[in-house]
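Chemist: Taking UniProt numbering, the leading residue of the sequence shown gets 1, the next gets one more, and so forth. Glycine residues also receive a C-beta, built at the ideal position from the N, C-alpha and C atoms. These numbers were taken from a predicted model, which means no experiment stands behind them. I'd like to ask you about the structure that follows.
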Amino acid sequence: MEPSCSCQHQEHGLEKPARQWSPASDDTIDSWTAVSSSPRTQFRLPLVATPQSNSACQTNDGDGKTSSVCIFAHCLIPGRGEPIYNAAVGISVDTGSITFVGPQSGLPRPLASVPRVPVRYLMPGLWDCHSHFIGTINVDFPDMVLTHPATLGAAITRGLHQTLMAGITSVRDVGSYATEVAPLVERGIILGPSIFGAGGAIGITGGSCDACTLPSDYVYSRQGTSGNNPWPGVSALVLADGVDECRTAVRQQIRRGARCIKVVATGGVLSTQDDPKYRQYSDAELAALIDEATLQGRSVAVHAHGKDGIMAAVKAGAHTIEHGSYIDDEAAELMAEKGVTLVATRHVIEAGLKNLDKLNPPTAKKMVNIAESHLKAYQTAVRKGVKIALGTDIAASDPASETAHGKNGHEVAYAVKAGLTPLQAIEAGTINSAETLGALAPRKGLIQKGWDADLIALEEDPLDNVDLFGSPENIKYVWKGGLLVKSPQGQLLWPTPP
């Protein structure tokens, strides 16, 4: 049940509270992190100083330990539904879940005496449901194959931290080594968003997943599904040809821990030997891939730029279409009818257009050719009522890159440019994105009792300015599973055991 409160004035067409926002009182908590004695969260959480503060934000080891925290928000954006003013949210640090959502005037007695955090604008943590934690400095197919896994893993660790500090508390990774890293995040060994990975993206030989500039035997030894690959199913990109290999490839990704499956059904932009307009899997292969995933409860994300590939994927049972650059009215209507979600990944195209001189000539040409049709397709999908979720296609580990981890928040503004309202764009970047995982969707993306306490807070109103999400410094607070990992006083680097 969604929380509500009575208000008197107008803001965004909704009622605004009569009571004015006031500074934190003595019973608030704004310079330390609540720590529980629970085995689940028995970490001291040292925070490094940021430019906003000259001192580190520290936990209280003694009497300051608490198992609950209450956030008082001037405005709560729940993820789905209208904003609520003068709202309170109770968090259990022991369970990492939300225990109360409602008006501040209705705060339950057990929460009346717990530490309080006053914030302006509170909302669920954002999702990026099309990310790639591949670990290479730039997005280069040969580098994915040739770089040592230890190097990739170290870079991924940095990218995860940057992503979380940008307010992205969950990611659906659709082709990388994130599936292998996910248990380390969940166990508190490294800090990052919750990862729901696909394992490796599955594609055809000679297609968008193939490092075609390298010798084929070498590539198959690392990306192949069968044959002479000594470690099948552990690459960021996987090659599978024919119905049998397609089923095997899906099973291999599930074996490595995949929570969803990624299929590449058309050419790509970064690849060298194909065209985004053309299909890359036959009907029989596509049906086998999606059927095998569905049998095991995994949703299927299908990379599809061209209309033929989009239509084939939707008819075969795809759950999401990634990119969708040539969606027209017919394709959008079919997607809406079948309940297929679009993850448009506009950010990677906008970033590419700004950096054409850094791309190889074939990729730069594809980027220019696809940019206008992609925006038109995105707008068509919105107009036809296709469900939208937000993903960026971010993959680079170079902080200077426009597609570096931590720059995910720009996608919200691009969704508004495509026709969503700010509130709809936030819904697309929170609960809609969580729902792309289908039956395995976690309780993340809503501020609702019993759901995970993955929350972010901003000082300025994101409904007035969605560009705020594009700068991590605008994300003032981040809670991950009930633990405060970023505040104006600092940010957590590592979960350090006691």
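For Lys480, which beta-bridge partners are listed by DSSP?
Modeler: Walking along the sequence shown from the start, residue 480 turns up at place 480. Lys480 is bridged to Leu483.
Chemist: Report the option in Cys260, Ala344 and Thr421 whose CA atom is closest to the CA atom of Ala371.
Modeler: Along the sequence shown, one-based indexing puts residue 371 at 371. Closest by alpha carbon: Ala344.
Chemist: Identify the continuous alpha helix (DSSP H) that holds Ser97 and give its terminal residues.
Modeler: Position 97 of the sequence shown holds residue 97. Premise fails: Ser97 lies in the beta strand (DSSP E), Ser97 to Pro103, not in any alpha helix (DSSP H).
Chemist: With respect to the beta strand (DSSP E) encompassing Thr169, which residues constitute its N-terminal and C-terminal limits?
Modeler: Along the sequence shown, read from residue 1 onward, the residue named residue 169 stands at position 169. Segment Ile168 to Asp173, the beta strand (DSSP E) holding Thr169.
Chemist: Apply the 10 Å Cβ neighbour rule to Gly297 and answer buried if 16 or more other Cβ atoms are within range, or exposed otherwise.
Modeler: Working through the sequence shown from its first residue, we reach residue 297 at position 297. The residue is exposed, with fewer than 16 neighbouring Cβ atoms inside 10 Å.
Chemist: Would you grab the beta carbon distance between Gln280 and Ser208 for me? Rounded to a whole angstrom, and I think it's under 8 Å.
Modeler: For this step, residue 280 is matched to residue 280 along the sequence shown. For this step, residue 208 is matched to residue 208 along the sequence shown. That belief holds up - the Cβ atoms of Gln280 and Ser208 are roughly 7 Å apart, short of 8 Å.
Chemist: Whole angstroms is fine: what's the gap from Cys212's alpha carbon to Thr266's?
Modeler: Translated into positions along the sequence shown, residue 212 becomes position 212. Translated into positions along the sequence shown, residue 266 becomes position 266. Their Cα atoms are separated by approximately 16 Å.
Chemist: Is the separation between the beta-carbon of Gly90 and that of Ile77 shorter than 9 Å?
Modeler: Position 90 of the sequence shown, counted from the start, is the residue given in the question as residue 90. Position 77 of the sequence shown, counted from the start, is the residue given in the question as residue 77. Not in contact: Gly90 and Ile77 (Cβ atoms no closer than 9 Å).
Chemist: Quick check: is the beta carbon of Gly438 nearer than 9 Å to any beta carbon in chain D?
Modeler: The structure shown contains no chain D; it is built from a single protein chain.
Chemist: Which class does Gly267 belong to by DSSP, given the choice of helix, strand or coil?
Modeler: Locating residue 267 in the sequence shown gives position 267, where the first residue counts as 1. Three-state DSSP puts Gly267 in coil, outside helix and strand.
Chemist: What residue from Ala198, Asn432, Ser105 and Pro124 has the CA that sits closest to Gln448's CA?
Modeler: One-based indexing of the sequence shown puts residue 448 at position 448. Nearest option by C-alpha distance: Pro124.
Chemist: Determine the extent of the alpha helix (DSSP H) in which Pro149 is found, giving its start and end residues.
Modeler: Translated into the one-based positions of the sequence shown, residue 149 becomes position 149. First-last of the alpha helix (DSSP H) with Pro149: Pro149 to Met165.
Chemist: If you follow the beta strand (DSSP E) that Asp308 is part of, which residue opens it and which one closes it?
Modeler: Position 308 of the sequence shown, counted from the start, is the residue given in the question as residue 308. Careful: Asp308 lies outside any beta strand (DSSP E), inside the alpha helix (DSSP H) at Lys307 to Ala316.
Chemist: Between Ser271, Asp291, Tyr378 and Ser397, which lies nearest to Thr341 when the distance is taken from Cα to Cα?
Modeler: Indexing the sequence shown from 1 puts residue 341 at position 341. Answer by Cα proximity: Tyr378.
Chemist: Runs of 4 residues minimum, wholly inside the stretch 421-464: which ones carry the alpha helix (DSSP H) assignment?
Modeler: Within the stretch 421-464, the complete alpha helix (DSSP H) runs of at least 4 residues are 422-428 and 431-434.
Chemist: From Ser105 to Arg116, what distance separates their C-alpha atoms?
Modeler: Position 105 of the sequence shown holds residue 105. Position 116 of the sequence shown holds residue 116. Rounded to whole angstroms, Ser105 to Arg116 spans 14 Å at the Cα level.
Chemist: Return the chain-ordered ranges of every alpha helix (DSSP H) run that is complete within the stretch 168-254 and spans a minimum of 4 residues.
Modeler: Taking only runs of at least 4 residues, the alpha helix (DSSP H) segments lying wholly in the stretch 168-254 are 178-186 and 216-223.
Chemist: Mind checking which residues open and close the beta strand (DSSP E) that includes Asn69?
Modeler: For this step, residue 69 is matched to residue 69 along the sequence shown. Note that residue 69 corresponds to Val in the displayed sequence, not to Asn. From DSSP, the beta strand (DSSP E) with Val69 extends over Ser68 to Leu76.
Chemist: Going straight from the alpha carbon of Val234 to that of Arg222, what length do you get?
Modeler: For the purposes of this step, residue 234 is taken as the residue at position 234 of the sequence shown. For the purposes of this step, residue 222 is taken as the residue at position 222 of the sequence shown. Straight-line Cα distance between these residues: approximately 8 Å.
Chemist: With 16 other CB atoms within 10 Å as the buried threshold, where does Ser433 fall?
Modeler: The sequence position of residue 433 within the sequence shown is 433, counting from 1. Buried.
Chemist: So, helix, strand or coil for Val35, using DSSP?
Modeler: On the sequence shown, residue 35 is found 35 positions in, with the first residue counted as 1. In this prediction, Val35 scores a pLDDT of 33, lower than 50, which makes its location untrustworthy; no coordinate-derived value is stated.
Chemist: Roughly how many angstroms separate the alpha carbons of Gln58 and Asp274, rounded to a whole number?
Modeler: For the purposes of this step, residue 58 is taken as the residue at position 58 of the sequence shown. For the purposes of this step, residue 274 is taken as the residue at position 274 of the sequence shown. In this predicted model, Gln58 has a pLDDT of only 29, less than 50, meaning its place in the structure is not dependable; the value taken from the coordinates is given anyway. Going by the C-alpha atoms only, they are around 53 Å apart.
Chemist: What span of residues does the alpha helix (DSSP H) with Gly352 cover, start to end?
Modeler: Taking the sequence shown and counting its residues from 1, the one referred to as residue 352 is at position 352. Element bounds for Gly352: Arg346 to Lys354.
Chemist: Any idea what DSSP makes of His130, helix, strand or coil?
Modeler: Against the sequence shown, residue 130 aligns to sequence position 130. It is a strand residue.
Chemist: For Gln84, which of helix, strand or coil comes out of DSSP?
Modeler: Taking the sequence shown and counting its residues from 1, the one referred to as residue 84 is at position 84. The question names Gln, but residue 84 is Ile in the sequence shown. Strand at Ile84.
Chemist: Can you tell me the Cα-Cα spacing of His130 and Ser325, whole angstroms?
Modeler: Position 130 of the sequence shown, counted from the first residue, corresponds to residue 130. Position 325 of the sequence shown, counted from the first residue, corresponds to residue 325. In a straight line, the C-alpha of His130 is about 15 Å away from that of Ser325.
Chemist: Cutting at 8 Å between CB atoms, please list the residues of its own chain near Thr136, excluding the five before and the five after it.
Modeler: Translated into the one-based positions of the sequence shown, residue 136 becomes position 136. Asp143, Met144, Thr147, Leu152, Ala155, Ala395, Ala396 and Ser397, listed in sequence order.
Chemist: Does the count of Cβ pairs from the stretch 350-364 and the stretch 292-312 closer than 8 Å reach three?
Modeler: They do not touch, by the three-pair rule.
Chemist: Taking one C-beta from the stretch 281-297 and one from the stretch 247-262 each time, how about it: are there three or more such pairs within less than 8 Å?
Modeler: Judged by Cβ distances under 8 Å, the stretch 281-297 makes contact with the stretch 247-262, as three or more pairs qualify.
Chemist: Do the stretch 403-419 and the stretch 93-101 meet, that is, are 3 or more Cβ pairs less than 8 Å apart?
Modeler: Judged by Cβ distances under 8 Å, the stretch 403-419 makes no contact with the stretch 93-101, as fewer than three pairs qualify.
Chemist: Specify the secondary structure class of Lys417 as computed by DSSP and reduced to three states.
Modeler: Along the sequence shown, read from residue 1 onward, the residue named residue 417 stands at position 417. It is helical.
Chemist: Ala413 and Val466 look like a contact to me (Cβ under 8 Å); what is the Cβ gap, rounded to whole Å?
Modeler: To locate residue 413, count along the sequence shown from 1; it is residue 413. To locate residue 466, count along the sequence shown from 1; it is residue 466. Confirmed, Cβ separation roughly 5 Å.
Chemist: Take Gly445 as the anchor and find which of Val314, Pro103 and Arg172 has the nearest alpha-carbon.
Modeler: In the sequence shown, counting from the first residue as 1, residue 445 sits at position 445. Cα-wise, what sits closest to Gly445 is Arg172.
Chemist: How would you label Gln491, buried or exposed, when you count the other beta carbons within 10 angstroms and need 16 or more for buried?
Modeler: In the sequence shown, the residue the question calls residue 491 occupies position 491. With 16 or more Cβ atoms within 10 Å of its Cβ, Gln491 is classed as buried.
Chemist: Would you report the Cα separation of Pro488 and Trp479, rounded to the nearest angstrom?
Modeler: Translated into positions along the sequence shown, residue 488 becomes position 488. Translated into positions along the sequence shown, residue 479 becomes position 479. Their backbone Cα atoms lie some 13 Å apart in a straight line.
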